[in-house]
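Everything on this sheet refers to the single structure shown next.
Residue numbers (this note's numbering): 995 to 1260.
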């Protein structure tokens, strides 16, 4: 998918990197990047904030801080055409994955963020939910149910928040006797239907309700609350981003969903 972005590299590196890694390499990496200017401490729960602050100052405040090295840009060049890879490996079933480069959320600042990019990012997230956001959504009904089903599973997802480039993903596992090409065509066809016919208001309301419910339910766990706060903080987003996203999701229209389906899946 990527030519320049660091996302093209495996998370833990290539095996040849690991084979040649020395203890000093690890120490140098630690000294370079593990600094308080590159870290956040998040505490959630029934605590005394003043006591927590005191403990943080006691145990973390003495760690010497230093500036981080400047990060060099790794801007992904525009993609001029289709890229395809057929990967052969021992397996009982095939797997199909389609990735489309899309915009992500570029910021949330007190409502002053209604850029075209942000509107598209939110509409793409709703599109993914229409396709695969609840039991019996479009991909499940069209590809995995009934006598004519061609896939054992099918899914859609959209990157909304993150530091690097974003992808809209479609994937599926062909059922026995069906080909990857048939699954790819079926996945594309479901997006094409939305691009030409749009989505109903009932569908739109259902996926919005599902997202609101998921935002509420994830607050059940204190660990989830801490993780969300830390994630928003390190990405420069306000701590009430979850609440703001729900409000903005409610504003996404059927016309916006149809529009992004037309423009990002050529």
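Ideal placement from N, C-alpha and C gives every residue a C-beta, glycine not left out.
Buried versus exposed, by CB contacts within 10 Å (16 or more), residue i
{"i": "residue 1137", "result": "buried"}
{"i": "residue 1086", "result": "exposed"}
{"i": "residue 1152", "result": "buried"}
{"i": "residue 1104", "result": "With a pLDDT of only 47 at residue 1104, under the threshold of 50, the placement of this residue in the model should not be trusted; the figure read from the coordinates follows. Exposed: under 16 other Cβ atoms inside 10 Å."}
{"i": "residue 1098", "result": "buried"}
{"i": "residue 1235", "result": "buried"}
{"i": "residue 1249", "result": "exposed"}
{"i": "residue 1241", "result": "exposed"}
{"i": "residue 1026", "result": "exposed"}
{"i": "residue 1132", "result": "buried"}
{"i": "residue 1139", "result": "exposed"}
{"i": "residue 1081", "result": "exposed"}
{"i": "residue 1184", "result": "buried"}
{"i": "residue 1197", "result": "buried"}
{"i": "residue 1116", "result": "buried"}
Best match in the options for proximity to residue i [C-alpha to C-alpha]
{"i": "residue 1182", "options": "1228, 1067, 1125 and 1062", "result": "1125"}
{"i": "residue 1038", "options": "1185, 1214, 1110 and 1108", "result": "1214"}
{"i": "residue 1158", "options": "1001, 1036 and 995", "result": "1001"}
{"i": "residue 1121", "options": "1048, 1187 and 1233", "result": "1187"}
{"i": "residue 1050", "options": "1035, 1042 and 1062", "result": "1035"}
{"i": "residue 1239", "options": "1251, 1260, 1248 and 1206", "result": "1206"}
{"i": "residue 1277", "options": "1070, 1251 and 1064", "result": "Limits of the chain in this structure are 995 at one end and 1260 at the other, which puts residue 1277 out of reach."}
{"i": "residue 1079", "options": "1197, 1071 and 996", "result": "996"}
{"i": "residue 1141", "options": "1161, 1171 and 1225", "result": "1171"}
{"i": "residue 1057", "options": "1032, 1199 and 1072", "result": "1032"}
{"i": "residue 1227", "options": "1169, 1156 and 1062", "result": "1156"}
Where residue i falls: helix, strand or coil (DSSP)
{"i": "residue 1013", "result": "helix"}
{"i": "residue 1218", "result": "helix"}
{"i": "residue 1151", "result": "strand"}
{"i": "residue 1064", "result": "coil"}
{"i": "residue 1130", "result": "coil"}
{"i": "residue 1161", "result": "strand"}
{"i": "residue 1090", "result": "strand"}
{"i": "residue 1242", "result": "helix"}
{"i": "residue 1114", "result": "helix"}
{"i": "residue 1212", "result": "helix"}
{"i": "residue 1232", "result": "coil"}
{"i": "residue 1071", "result": "coil"}
{"i": "residue 1183", "result": "helix"}
{"i": "residue 1101", "result": "coil"}
{"i": "residue 1207", "result": "helix"}
{"i": "residue 1224", "result": "helix"}
{"i": "residue 1005", "result": "coil"}
Under 7 Å between C-beta atoms of residue i and residue j
{"i": "residue 1167", "j": "residue 1147", "result": "yes"}
{"i": "residue 1174", "j": "residue 1090", "result": "yes"}
{"i": "residue 1119", "j": "residue 1076", "result": "no"}
{"i": "residue 1243", "j": "residue 1233", "result": "no"}
{"i": "residue 1258", "j": "residue 1204", "result": "no"}
{"i": "residue 1254", "j": "residue 1114", "result": "yes"}
{"i": "residue 1092", "j": "residue 1015", "result": "no"}
{"i": "residue 1150", "j": "residue 1177", "result": "no"}
{"i": "residue 1065", "j": "residue 998", "result": "no"}
{"i": "residue 1162", "j": "residue 1096", "result": "yes"}
Any non-hydrogen atom of the ligand FMN within 6 Å of residue i CB
{"i": "residue 1208", "result": "With respect to small molecules bound, the structure shown includes none, and the ligand FMN cannot be examined in it."}
Completely contained beta strand (DSSP E) runs for the segment 1020 to 1048, where each covers 3 or more residues: none
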